[in-house]
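If you read the sequences in order, they're chains A and W. Residue 164 in the numbering used here sits at position 182 of the first sequence, with consecutive numbering throughout. Residue 967 in the numbering used here sits at position 37 of the second sequence, with consecutive numbering throughout. Notes for the one structure printed next.
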Amino acid sequence: MPSLDDLKKRIKSVKSTQKITKAMKMVAAAKLRKAQENAEKGRPYSQKMQNIILNLTKSINDPQNAPKLLVGTGQDKTYLCVVLTADRGLCGGFNSNICKLAKTNFKKILSEGKELKIITVGTKGLDQIKREYGKYVTKKFSFKNKKQITFSEAEIIGNEIISLFKDNQFDKCILFYNNFKNVITQIPQAQQIIPADNNSSKEKEDDPTSYEFEPDEDEILEDLLPKNISTQIFKAFLENAASEQGSRMTAMDNATRNAGELVDKLTINYNRSRQASITKELIEIISGAESL
Amino acid sequence: MSENFVVEIISPDKSILKTEATEVTIPSYEGQMGILKDHIPLITFLRPGLIEIKESSGEKKFFIEDGTVEFSNNSLLILTSTARGLDTLDQKSIESIIQNSEEKINKAEISDKEKYLLSYKIDTLRQINK
């Protein structure tokens, strides 16, 4: 049985923790609104970009000479995985969800006997991944000191990926990030960016629009594909930022609530033991008086 | 029947404009290009220049540095990271951009393609400033 003093100290410490989590929740909520807005505003651009590329892909009649970024190297030996995580913790399962998904993919790639290369963005993901897969990490990025991630950061990573690709360092590139669905739900996702994923073209589109190209298809693709990679990365950044704040908000909300429950329980305990000691003293006084 | 079609300008972080227009002039890579309703589907690049959008109520102008354009089913889509409305640009900022570009163009190591793009940028900005 802890003493009254111990209980008092514990209540105080839980209360101050609760204050911190509450403040973090408020900050996350404020940031979330902005991040969510950004993510939603950024969606059309990347979607339309993807659409244009799809349309272009359809009109290519000579796949042999098509840009490699689009059709791939024809091999599938080396995988480059880009894992986007946050730079800060205390955001629930946000970072671990991405890492979990990434790790299952890593395992699959390695068990198929393929080579693996990893680029991490954000320090939290690196910490989790380097324990098991440290030797595969080829590059790490962190934009910890940047307040807002802009397109130029996405371009830095995009250019890095493209230059690796041009050096024939990998055949396929997969991007891992959290897709922001709503405040409570964020879905970790693996998106293949090189070669451009043709999954969406499976849906049969009825309008075989033939486009007029100016200059010709190849030149447009040559220019558009690198841009598209940066765009997709930027989209992933925006989704990630919103997800991080959303997940932090829910995590901190839960923490605040749990702290409240704990305080209630401890207070009852405290009051009980205080009452017990008062009763004990009373009994002692009364029995002492009676014996006189 | 109306002669309007939908115009959208989208940048990576937001949608800049969505409106209906009767005619849009874009600085395509190989020359100025006017687009009217029922233009055939088209995909092209932009070089630095002015986008002019003629609406029924008036005219809007944007300065852009690069971008991609898709036209299909009577909707014109302009993807660019650098669109700026003319009314948001003031003389001073334009002059500083011109200066920057001139410095770049005078350096020897840039390619002809970049030179070509930069010279268009400077010309357009000069014209705006008149």
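Backbone N, C-alpha and C define an ideal beta-carbon position, used for all residues, glycine too.
Endpoints, alpha helix (DSSP H) assigned at residue i
{"i": "F147 of chain A", "result": "F133 to K148"}
{"i": "T1054 of chain W", "result": "D1042 to N1059"}
{"i": "F152 of chain A", "result": "That residue, F152 of chain A, is in no alpha helix (DSSP H); it is neither H nor E in DSSP."}
{"i": "G228 of chain A", "result": "E199 to S273"}
{"i": "G116 of chain A", "result": "Careful: G116 of chain A lies outside any alpha helix (DSSP H) and carries neither H nor E."}
Residue i to residue j span [Cα, whole Å]
{"i": "P197 of chain A", "j": "A17 of chain A", "result": "37 Å"}
{"i": "R(-8) of chain A", "j": "T249 of chain A", "result": "10 Å"}
{"i": "N1003 of chain W", "j": "D943 of chain W", "result": "25 Å"}
{"i": "L92 of chain A", "j": "L98 of chain A", "result": "7 Å"}
{"i": "K82 of chain A", "j": "P170 of chain A", "result": "9 Å"}
{"i": "K117 of chain A", "j": "T105 of chain A", "result": "16 Å"}
{"i": "D153 of chain A", "j": "P177 of chain A", "result": "8 Å"}
{"i": "I1058 of chain W", "j": "K1045 of chain W", "result": "20 Å"}
{"i": "E985 of chain W", "j": "N934 of chain W", "result": "8 Å"}
{"i": "E199 of chain A", "j": "K7 of chain A", "result": "50 Å"}
{"i": "I175 of chain A", "j": "K209 of chain A", "result": "12 Å"}
{"i": "V(-4) of chain A", "j": "E1000 of chain W", "result": "58 Å"}
{"i": "P957 of chain W", "j": "I138 of chain A", "result": "28 Å"}
{"i": "Y1050 of chain W", "j": "T213 of chain A", "result": "25 Å"}
{"i": "S330 of chain A", "j": "L244 of chain A", "result": "This structure cannot settle anything about residue 330 of chain A, because the visible part of chain A is limited to -17 through 274."}
{"i": "Y61 of chain A", "j": "A136 of chain A", "result": "20 Å"}
{"i": "S182 of chain A", "j": "N37 of chain A", "result": "Because S182 of chain A carries a pLDDT of 49, less than 50, the predicted location of this residue cannot be relied on, and the following value inherits that uncertainty. Straight-line Cα distance between these residues: approximately 11 Å."}
{"i": "R239 of chain A", "j": "N164 of chain A", "result": "21 Å"}
{"i": "A237 of chain A", "j": "I211 of chain A", "result": "38 Å"}
{"i": "I166 of chain A", "j": "L1019 of chain W", "result": "41 Å"}
{"i": "E1032 of chain W", "j": "I100 of chain A", "result": "41 Å"}
{"i": "E982 of chain W", "j": "T3 of chain A", "result": "52 Å"}
{"i": "Y54 of chain A", "j": "E960 of chain W", "result": "One detail in the question is off: residue 54 of chain A reads as Gly in this sequence, not Tyr. Computed Cα separation, rounded: 30 Å."}
{"i": "K186 of chain A", "j": "S192 of chain A", "result": "Reliability fails at K186 of chain A, whose pLDDT of 44 lies under 50, so the model's placement of it is uncertain and the value that follows must be treated cautiously. If you take the alpha carbons of K186 of chain A and S192 of chain A, they lie about 16 Å apart."}
{"i": "K184 of chain A", "j": "D235 of chain A", "result": "Low confidence applies here, because K184 of chain A scores a pLDDT of 43, under 50, leaving its location unreliable and the question unanswered by this model."}
Contact set between residue i and chain A, taken where Cβ atoms lie within less than 9 Å
{"i": "S945 of chain W", "result": "K23, P26 and Y27"}
{"i": "E1000 of chain W", "result": "K30, N33, I34, N37 and Y193"}
Amino acids of chain A, ordered along the chain, whose beta-carbon sits closer than 7 Å to that of residue i
{"i": "E960 of chain W", "result": "E196 and P197"}
{"i": "S1011 of chain W", "result": "F133"}
{"i": "T1007 of chain W", "result": "Here the sequence assigns Leu to residue 1007 of chain W, which means Thr is not the residue at that position. Under the 7 Å cutoff, chain A gives K30."}
Interface partners of residue i on chain W, CB under 9 Å
{"i": "S192 of chain A", "result": "I970 and P971"}
{"i": "F216 of chain A", "result": "P942 and D943"}
{"i": "L38 of chain A", "result": "I973"}
{"i": "N20 of chain A", "result": "D943 and K944"}
8 Å Cβ cut-off: residues of chain A touching residue i
{"i": "E985 of chain W", "result": "Within 8 Å Cβ-Cβ: nothing; E985 of chain W doesn't reach chain A, min ~21 Å."}
Extent of the continuous beta strand (DSSP E) to which residue i belongs
{"i": "F935 of chain W", "result": "F935 to S941"}
{"i": "K948 of chain W", "result": "K944 to A951"}
{"i": "F195 of chain A", "result": "E194 to E196"}
{"i": "P170 of chain A", "result": "Q168 to I176"}
{"i": "I965 of chain W", "result": "G961 to I965"}
Chain-ordered chain W contacts of residue i [CB-CB under 8 Å]
{"i": "T213 of chain A", "result": "P942"}
{"i": "L206 of chain A", "result": "T998"}
Beta-carbon neighbours of residue i, restricted to chain W and to distances below 7 Å
{"i": "I202 of chain A", "result": "I973 and F975"}
TODO: Identify every run of the beta strand (DSSP E) within the stretch 977 to 1030 of chain W, keeping only runs that are complete inside it and at least 3 residues long; order them along the chain.
DONE: 979 to 984, 989 to 994, 997 to 1002 and 1005 to 1009
>> With three or more beta-carbon pairs closer than 8 Å as the criterion, would you say the stretch 260 to 273 of chain A touches the stretch 973 to 990 of chain W?
In response: no
- prompt: Are the stretch 46 to 59 of chain A and the stretch 148 to 155 of chain A touching, with three or more C-beta to C-beta distances below 8 Å?
  reply: yes
Self-check item: Stretch pair the stretch 1026 to 1044 of chain W + the stretch 957 to 967 of chain W: three plus CB contacts closer than 8 Å
Solution: no
* To do: Indicate whether the contact test is met: 3 or more Cβ pairs, each with one atom in the stretch 223 to 240 of chain A and one in the stretch 23 to 34 of chain A, closer than 8 Å.
  => no
Exercise. Touch check for the stretch 149 to 168 of chain A and the stretch 61 to 80 of chain A: three-plus C-beta pairs under 8 Å?
Worked result: yes
**Request:** Pair every Cβ in the stretch 83 to 90 of chain A with every Cβ in the stretch 103 to 123 of chain A, then say whether three or more of these pairs are closer than 8 Å.
**Result:** yes
query = Which whole runs of the alpha helix (DSSP H) in the stretch 28 to 98 of chain A are 4 residues long or more, in chain order?
reply = 50 to 53 and 76 to 93
Is it a yes or a no for the stretch 1032 to 1044 of chain W touching the stretch 981 to 1001 of chain W, going by three-plus beta-carbon pairs under 8 Å?
no
| request: Taking 8 Å as the threshold, find out whether the stretch 115 to 132 of chain A comes into contact with the stretch 198 to 214 of chain A through three or more Cβ pairs. | output: no
Segments assigned beta strand (DSSP E), at least 3 residues, entirely inside the stretch -3 to 28 of chain A: none
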